[in-house]
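S.K.: Numbering (my numbering), first residue to last: 189 to 490.
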C-alpha cells in the first residue's frame, strides 16, 4: 500500500543500490573528468553565481517576489521614499543571466531557496510516509516535490514545469479533482513556454500545437468525468481565458507601441507573473487535496 516497513531494511540491498548509483555517475562524468571539464559541469548543475532567476523568469514564487519588489520600487520612487541614484537600473529585467540585488525586499540567497524548497517538500513526504495511498499517493508526492522545487528553487528554468505536468497527467484520469488541477497546470505551464519560441515562423506552430493539445485535454477529460461536477469553477475558467488577450497583447500589440524600445522586458514579465499565479494556485490546490484526503477503510485495515 506504499507504507514503509523499516524491518525490511537490508544493508546489502542499500549497498548494491549505492554501487549502482556510483557506477552510473562514474560512467557519465568520467569523460568530463578526463578532459578536465568537471568544474564546468558542476557550475551548470549548481548555478549559484548565475542569479536567482533565469533571463526569462520561470513562473514560480520568485517571479512574483521580483514583481512585488519592482512594484514597491516604483511606488517608493513616486512617493519619494527611495533615492533614484541608489537604485540599480534594469538589474532583474535586463534580460541577462547574472546576480542581482533586490531594491526593497530582502535579497534571496541560494541557502534561502534551499530552505524554502526543503520546507515545502516535507509535508508531501510525511503524508506519503504516514498516510500511504499506494501508487497514487506516490505519484501525488512526486508531483508535489517537482512543483515545490520549481516554485522555490534557485535559478529554475521554465522548462522544468514539464517535470510536474507529465506525472500529473497520470493522476488526471483517475479523479475529477486531479483532472481540474491538471488542466490549470498544463495550460498555464505550456503557455509559459511560449517566449522560448520567439521567431515569427514559430508563432503559428506553437499556437496551433497549444490549441490542439488544450482542446483535446479539455474534451477528453470532460467526457471522462461527464457525470461529475464541472472540472473548473468560473474563476478558474476566467483565468485561463485571459491567456488569450495576454498572448494577443504580447505578440501583436506590444511590438507596435513605443514601449518596445524602453521596456522590452514587459511581455516576458507579464507572461511570467500571470502564469506564476496559475502554477502557484495549482500547487496549493493539489497540496490541500492531498493533505485533506482521507485514507479509505480498506487501506487502514491493510
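For glycine and all other residues, C-beta sits at the position ideal for the given N, C-alpha and C.
(1) Please go through the segment 368 to 415 and give each complete alpha helix (DSSP H) segment of 4 or more residues, from N-terminal end onward.
(2) Report the CB separation of residue 308 from residue 288 in whole angstroms; it is logged as a contact under 8 Å.
(3) Suppose only complete runs of 4+ residues qualify. What are the alpha helix (DSSP H) ranges in the segment 204 to 256, listed by chain order?
(4) Return yes when the Cβ of residue 466 is within less than 8 Å of the Cβ of residue 376, no when it is not.
(5) For residue 294, which three-state DSSP category applies?
(6) Just list the residues that DSSP pairs residue 313 with in beta bridges.
(7) Grouping DSSP H, G and I as helix and E and B as strand, with all else coil, what is residue 344?
(8) With burial defined as no fewer than 16 other Cβ atoms inside 10 Å of the residue's Cβ, what is the status of residue 258: buried or exposed?
(9) If you draw a straight line from the C-alpha of residue 380 to the C-alpha of residue 197, how long is it?
(10) Less than 8 Å separating the beta-carbons of residue 315 and residue 479?
(11) Report, in whole angstroms, the separation of the C-beta atoms of residue 293 and residue 253, which I expect to be a contact under 8 Å.
(12) Please give me, in chain order, every unbroken run of the alpha helix (DSSP H) with length at least 4 that falls completely inside the segment 414 to 442.
(13) With C-beta atoms as the reference, is residue 469 less than 8 Å away from residue 372?
(14) How many angstroms separate the CA atom of residue 328 from the CA atom of residue 364?
(15) Could you give the residue range of the alpha helix (DSSP H) that holds residue 459?
(16) With 16 other CB atoms within 10 Å as the buried threshold, where does residue 445 fall?
(17) Taking the C-alpha atoms as reference points, what is the distance between residue 251 and residue 396?
(18) Are the beta-carbon atoms of residue 419 and residue 410 separated by less than 8 Å?
(19) Between 388, 382 and 238, which lies nearest to residue 434 when the distance is taken from Cα to Cα?
(20) State the DSSP-derived secondary structure class of residue 349, mapped to helix, strand or coil.
(21) Could you pull the start and end residues of the alpha helix (DSSP H) that residue 448 belongs to?
M.R.: The short version:
(1) 390 to 412
(2) With 8 Å as the limit, residue 308 and residue 288 do not qualify as a contact, their Cβ atoms being about 23 Å apart.
(3) Runs found: 226 to 233.
(4) Against a cut-off of 8 Å, the Cβ pair of residue 466 and residue 376 comes out as a contact.
(5) In the structure shown, residue 294 adopts coil according to DSSP, grouped into three states.
(6) Answer is none; residue 313 lacks a bridge partner.
(7) strand
(8) buried
(9) 43 Å
(10) yes
(11) Confirmed, about 7 Å.
(12) As for any alpha helix (DSSP H) of minimum length 4 sitting wholly inside the segment 414 to 442, the runs are 422 to 429 and 431 to 436, ordered along the chain.
(13) For the 8 Å CB-CB criterion, residue 469 and residue 372 form a contact.
(14) CA-to-CA, the gap between residue 328 and residue 364 works out to about 14 Å.
(15) 454 to 479
(16) exposed
(17) Approximately 27 Å between the Cα atoms of the pair.
(18) yes
(19) When only C-alpha atoms are compared, the closest one is 382.
(20) The DSSP-derived three-state label of residue 349 is helix.
(21) 447 to 450
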